[in-house]
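To get the numbering used here, take the position in the sequence shown, counting from 1, and add 423.
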Amino acid sequence: MKGLVLEAQWDPKPDYQVSEWEERTRKAITGNSVWRHPKLAVQERPVPKIKPDEVLLEVKACGVCGSDVHFYETDEQDYILYPGLTRFPAILGHEFSAKVVEVGKEVTDLKVGDPVTVEEMIWCGHCTPCRNGFPNHCVNLEEIGFTIDGAFANYIAVGAKYCWKVDGILERFGEEKGYEVAALTEPTSVSYNAMFTRAGGFKPGAYVAVFGAGPIGLAAIGLAEAAGAGMIAAFEVSPQRRDLAKQVGAEHVYDPREVAPHEVLMDLSKGEGFDFFVEAAGAPHLTIPEMEQALAINGKIVQIGRAAQRVPMYLETLQVRRSQVYGAQGHSGHANFPSVIRMVASGRLDLSSIITARYTLDEAVQAIARSTERRDGKIIIRPN
424 MKGLVLEAQW DPKPDYQVSE WEERTRKAIT GNSVWRHPKL AVQERPVPKI
474 KPDEVLLEVK ACGVCGSDVH FYETDEQDYI LYPGLTRFPA ILGHEFSAKV
524 VEVGKEVTDL KVGDPVTVEE MIWCGHCTPC RNGFPNHCVN LEEIGFTIDG
574 AFANYIAVGA KYCWKVDGIL ERFGEEKGYE VAALTEPTSV SYNAMFTRAG
624 GFKPGAYVAV FGAGPIGLAA IGLAEAAGAG MIAAFEVSPQ RRDLAKQVGA
674 EHVYDPREVA PHEVLMDLSK GEGFDFFVEA AGAPHLTIPE MEQALAINGK
724 IVQIGRAAQR VPMYLETLQV RRSQVYGAQG HSGHANFPSV IRMVASGRLD
774 LSSIITARYT LDEAVQAIAR STERRDGKII IRPN
């Protein structure tokens with residue numbers, strides 16, 4: 424089979440202290456401080472063999488994530504930009520849907536032919552965070568397309584417990600489109616986890632502001648509309664993505680370089696501020712200060728975008744406005760995946776319009792390169 428493989432050089436920056444665990448496992452906790460000179464290429468790989476509790480999946484659609492772009496892009500010293508957990512070489516790709524083609528002997532709830540989508544976070548279920556109900560913070564975490572082989576490939580083997588059936592999505596959209604829409608489950612679940620599981624959501628009628636209208640931000644806008652937001656404002660530098668933000672539910676959309684976001688939000692809310700903020704731009708040093716100045720009393724800020732930098736914030740604002748900031752990572756547990764699947768299958772959430780380009784697996788490097796332009800909603804790779 425073929426797979427899009429990223430190779431990189433293990434070369435820790437002089438000021439980065441590599442832990443004994445990182446050295447032993449060759450997994451970097453802070454990838455942008457370790458991995459240098461990345462190279463992407465479509466390579467021949469053997470079809471994976473499954474374990475008794477696994478299934479073999481034929482990948483139908485896999486979305487290009489901002490994380491994939493941050494593997495491809497580098498700083499002035501040619502280190503990758505992604506700041507999280509990584510181990511290379513690895514086949515990339517983690518936002519995907521697939522069809523079951525082989526079932527391990529211990530698997531009882533999936534059969535050949537089932538359409539599924541898959542969690543990206545491979546939690547162990549045995550460590551203290553997992554046992555406490557926090558699988559997104561598993562200490563033995565593996566991540567599909569980050570530390571183990573992903574789904575920019577013809578086939579992938581995964582544990583059956585990480586798979587979720589998407590029959591209802593295919594019934595609503597048809598098989599061809601349905602598999603593409605089902606591949607949006609993972610990024611949408613990241614937004615769902617952040618907004619509703621971590622931050623506790625908002626009351627219908629609340630004013631919601633989303634900074635960054637890439638796929639995560641667009642999913643947040645769609646979820647906010649489905650949850651009954653009274654007003655949705657979005658800030659995005661790309662004109663194409665601003666148009667997509669309007670399509671999925673944002674009534675007020677701005678280029679943050681042309682306005683002072685906090686002034687706009689205070690004007691829209693007649694001086695009361697916005698109730699709920701989503702940071703999906705990965706630029707908190709620019710966005711958080713704007714949010715801080717437009718917080719309603721009892722307002723919430725949830726950080727989803729990844730950024731390896733400290734942020735200026737005046738904590739007095741949180742105290743006098745009775746406000747909170749939430750950090751969010753991942754999508755596993757807490758019924759996040761099945762909740763998103765139900766919303767999509769029922770027609771209450773339709774993000775199909777954010778799919779703006781499609782590529783074959785042989786064209787995968789071009790797809791990643793196009794993603795660096797940041798003008799698309801979601802680019803889909805169809806391996807089979």
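C-beta atoms are modelled at their ideal positions from N, C-alpha and C, and glycine is treated no differently.
Query - Exposed unless 16 or more other CB atoms sit within 10 angstroms - verdict on TRP458 - result: Taking the first residue of the sequence shown as position 1, residue 458 is located at position 35. With 16 or more other Cβ atoms within 10 Å, it is buried.
Requested in this report: Name the two residues that bound the continuous alpha helix (DSSP H) containing GLU543.
Outcome: Along the sequence shown, read from residue 1 onward, the residue named residue 543 stands at position 120. Premise fails: GLU543 is in no alpha helix (DSSP H) and is neither H nor E.
**Report entry** Local Cβ density within 10 Å of SER442, reported as buried at 16 or more and exposed below that
**Finding:** Counting from one through the sequence shown, the residue named residue 442 turns up at place 19. That one is exposed.
Requested in this report: Enumerate in chain order the residues of its own chain whose CB-to-CB distance from VAL734 is below 6 Å, with the five nearest sequence positions on each side excluded.
Outcome: If you number the sequence shown from 1, residue 734 lands on position 311. Within the same chain, VAL734 has close Cβ partners PRO707, HIS708, ILE711.
Query raised in the report: Looking at the unbroken alpha helix (DSSP H) that takes in THR783, where does it start and where does it end?
Result: Taking the first residue of the sequence shown as position 1, residue 783 is located at position 360. Where THR783 is concerned, there is no enclosing alpha helix (DSSP H), although the beta strand (DSSP E) it sits in stretches over 778-783.
Query raised in the report: Can you check whether the CB of ALA451 is closer than 8 Å to the CB of VAL428?
Result: Taking the first residue of the sequence shown as position 1, residue 428 is located at position 5. Taking the first residue of the sequence shown as position 1, residue 451 is located at position 28. It is not a contact, given that the beta carbons lie outside the stated cut-off.
**Report entry** Cα-Cα separation between THR608 and GLU518, rounded to whole angstroms
**Finding:** Here residue 608 refers to the residue found at position 185 when the sequence shown is read from its first residue. Here residue 518 refers to the residue found at position 95 when the sequence shown is read from its first residue. Their Cα atoms are separated by approximately 7 Å.
Query raised in the report: So what does TRP433 bridge to, in DSSP terms?
Result: Counting from one through the sequence shown, the residue named residue 433 turns up at place 10. The partner list for TRP433 (beta bridge, DSSP) reads TRP458.
Report task. Return helix, strand or coil for HIS549, following the three-state DSSP convention. Result -> Sequence index remark: in the sequence shown, residue 549 carries index 126 (1-based). Coil at HIS549, not helix or strand.
Query - Span separating the alpha-carbon of GLY601 from that of ASN616 - result: The residue you call residue 601 lines up with position 178 of the sequence shown. The residue you call residue 616 lines up with position 193 of the sequence shown. Each residue's alpha carbon lies about 22 Å from the other.
Query raised in the report: Mind checking whether ASP478 and GLU525 have CB atoms under 8 Å apart?
Result: If you number the sequence shown from 1, residue 478 lands on position 55. If you number the sequence shown from 1, residue 525 lands on position 102. Per the sequence presented here, residue 478 reads as Val, with Asp not at that position. Their beta carbons are under 8 Å apart, which means VAL478 touches GLU525 by this criterion.
Query - Nearest neighbour of PHE494, chosen from LYS723, GLY651, ARG510, LYS534 [CA to CA] - result: Looking up residue 494 in the sequence shown gives position 71. Closest by alpha carbon: ARG510.
Report task. Just the C-alpha distance for MET736 and ILE579, rounded to the nearest angstrom, thanks. Result -> Taking the first residue of the sequence shown as 1, we reach residue 736 at position 313. Taking the first residue of the sequence shown as 1, we reach residue 579 at position 156. Answer to the nearest angstrom: the Cα atoms are 43 Å apart.
Report task. Look at VAL660 and ALA703 and say whether their C-beta atoms are less than 8 Å apart. Result -> Walking along the sequence shown from the start, residue 660 turns up at place 237. Walking along the sequence shown from the start, residue 703 turns up at place 280. It is not a contact, given that the beta carbons lie outside the stated cut-off.
Query raised in the report: Can you give, in chain order, each stretch of the beta strand (DSSP E) that sits fully within the segment 654-697 and has at least 3 residues?
Result: 654-658, 675-677
**Report entry** Best match in GLY672, ARG680, GLY722, PRO627 for proximity to GLY696 [C-alpha to C-alpha]
**Finding:** Walking along the sequence shown from the start, residue 696 turns up at place 273. Cα-wise, what sits closest to GLY696 is GLY722.
Report task. Tell whether a beta-carbon distance below 8 Å holds between GLY653 and TYR677. Result -> If you number the sequence shown from 1, residue 653 lands on position 230. If you number the sequence shown from 1, residue 677 lands on position 254. No. Outside cutoff.
Query raised in the report: Taking the C-alpha atoms as reference points, what is the distance between SER794 and ALA787?
Result: Here the question's residue 794 lines up with position 371 in the sequence shown. Here the question's residue 787 lines up with position 364 in the sequence shown. About 11 Å.
Report task. State buried or exposed for SER746, treating a residue as buried only when at least 16 other CB atoms are found within 10 Å of its CB. Result -> Working through the sequence shown from its first residue, we reach residue 746 at position 323. Buried.
Query raised in the report: Looking at the structure shown, is VAL604 part of a helix, part of a strand, or coil, going by DSSP?
Result: Position 181 of the sequence shown, counted from the first residue, corresponds to residue 604. In this structure, VAL604 counts as helix in the three-state DSSP scheme.
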